Ligand SMILES: Cc1cc2nc3c(=O)[nH]c(=O)nc-3n(C[C@H](O)[C@H](O)[C@H](O)COP(=O)(O)OP(=O)(O)OC[C@H]3O[C@@H](n4cnc5c(N)ncnc54)[C@H](O)[C@@H]3O)c2cc1C
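Numbering (the numbering used here), first residue to last: 2 to 374.
The structure is reproduced here in structure tokens:
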């Protein structure tokens, strides 16, 4: 029988891994810190790429279910300046090459594809230690422990498993993101909904910007991104955060500032961190990492896709070597290290988005990536 796999973290990476293992008949348990699937709202739309995210869902046997979640017409995007002037406006080309799906629905689809009991909710790992010969002991808050012969850290940016493999810690990138929602935009905030358009909007200026996604039912989901010190907004309550963020966008077009000033939800502050580009480790028996735990990068549209690809490829490698854990982990890491390094090592996304030439630097990048037809 294949070695049972212990996964820490039920994000997209850990769940794709669990599903691929399950499909291949490999026993798996996923320990997740959150109390339930609905403990936290799951963020906005994800653009699932044909070269990494979609093949991962194919490997999980869920590509048809995934297609039923795609929101039509959301591949359009536009770029505005702070006055609301449209600098670039690309409609959805209808090819469906980069389908957008709500992250929460994608996670729920993966959860629904697993038998009850595989994901153990409310099990926060507080630490892990090596016991020798590839075995590890996990400790949970509350004091319980489990021992495993095949451990996978899928526990995101602040992984408790990473220290078993590497001394690297995430560093602040100099940008803080603050998240807001406006509901029923088309009826309650028409001018703003029209400014956002049918898909994504980037309203940019040096040092600050609004990234907005039109979700189902006219929901407008905004990430205000600002170059700031890491402790900016630390300890401030919702009202104080909003007052400070609104002040940063003073003088911007009112249909844009409404995205934050009139938010229906309390702001969620996320300082953005990364691991060093090219982060890797020497093989350690019995343990590996996937997704953000392995290669946390600035939000460049690849993180969730890569996490799912890691999960699928590791699951397939384990299934292909049921009696040889080390062969499976080595095969997975050999492919994962270079691809993660290549994705993270490109141009500095924040220079293009929020640098001195914004928004024109972002328009130029978009034109280069996808010349107008
Ligand atoms: C603002 C923003 C926008 C983004 N936009 C995109 C985008 O458009 N497209 C894209 O591809 N990527 C995007 N990303 C990146 C993407 O969100 C991540 O790369 C992706 O979620 C990584 O998946 P993961 O499964 O590795 O980790 P996560 O999604 O972080 O999941 C980790 C899981 O582990 C659990 N966990 C953590 N610690 C413990 C513990 N100690 N014990 C037990 N469980 C634990 C967490 O609760 C969580 O459920 C964005 C990121 C940010 C911050």
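For glycine and all other residues, C-beta sits at the position ideal for the given N, C-alpha and C. Note that the structure is predicted; figures quoted are calculated from it, not measured.
For residue 202, the number of other beta carbons within 10 angstroms of its own is at least 16, and it is reported as buried. Inclusion of residue 33 and residue 120 in the CB contact set at 9 Å is warranted, their separation being smaller than that value. Within a 10 Å sphere around the beta-carbon of residue 191 sit fewer than 16 other beta-carbons, which makes this residue exposed. Contact check for residue 223 against residue 211 passes: the beta carbons are separated by less than 9 Å.
Sixteen is the threshold: when 16 or more other Cβ atoms of the shown chains lie within 10 Å of the Cβ of residue 18, as they do, the residue is buried. In terms of Cβ geometry, residue 12 and residue 155 form a close pair [threshold 9 Å]. Taking C-beta separations shorter than 8 Å and ignoring five residues to either side along the sequence, the partners of residue 371 in its chain run 91, following chain order. In this structure, residue 46 has its CB closer than 8 Å to one or more heavy atoms of ligand 1. Distance from the C-beta of residue 105 to the nearest heavy atom of ligand 1 is not below 8 Å. DSSP places residue 105 in the uninterrupted alpha helix (DSSP H) bounded by 104–113. Between the stretch 162–179 and the stretch 256–276 there are three or more C-beta pairs closer than 8 Å, enough to call the two in contact. Assigned with DSSP and collapsed to three states, residue 143 falls in coil, not helix or strand. If you check the CB distance, residue 122 and residue 35 come in under 9 Å.
Cβ atoms of residue 80 and residue 205 come within 8 Å of each other, at about 7 Å. At a cut-off of 8 Å, the beta-carbon of residue 304 counts as near ligand 1: some heavy atom of the ligand is closer than that. With respect to the 9 Å criterion, residue 277 and residue 239 are not classified as neighbours on the basis of their beta carbons. Less than 9 Å separates the beta-carbon of residue 85 from that of residue 257. Between the C-alpha atoms of residue 356 and residue 367 there is a straight-line separation of about 15 Å. The C-beta separation of residue 20 from residue 151 comes to about 17 Å, leaving the pair out of contact by the 8 Å criterion. Residue 158: not part of any alpha helix (DSSP H); DSSP gives it neither H nor E. Across the structure, residue 159 and residue 288 are spaced so that their CA atoms are roughly 17 Å apart. From the listed residues 105, 104, 94, 161, the smallest Cα separation to residue 126 is found for 161. Residue 19: member of the alpha helix (DSSP H) spanning 13–24, first to last residue.
Here residue 227 is buried, its C-beta having at least 16 other C-beta atoms within 10 Å. Secondary-structure assignment with DSSP links residue 289 through a beta bridge to 153. In the DSSP assignment, residue 361 falls within the unbroken alpha helix (DSSP H) covering 361–370. Judged by DSSP in its simplified three-state form, residue 27 adopts coil rather than helix or strand. A Cβ-Cβ distance of about 51 Å is found for the pair residue 135 and residue 364, leaving them out of contact under the 8 Å criterion.
Within the chosen limit of 8 Å, ligand 1 reaches the beta carbon of residue 54 through at least one heavy atom. Going by DSSP, residue 69 is part of no beta strand (DSSP E) at all; its letter is neither H nor E. Using a Cβ distance threshold of 9 Å, residue 57 and residue 336 do not count as a contacting pair. When DSSP states are grouped into helix, strand and coil, residue 91 belongs to the strand group.
A straight-line Cα-Cα distance of about 15 Å links residue 5 and residue 15. Taking non-hydrogen atoms of ligand 1 into account, the C-beta of residue 125 is found less than 8 Å away from one of them. Within the DSSP secondary-structure output, residue 172 pairs in a beta bridge with 275.
When DSSP states are grouped into helix, strand and coil, residue 46 belongs to the strand group.
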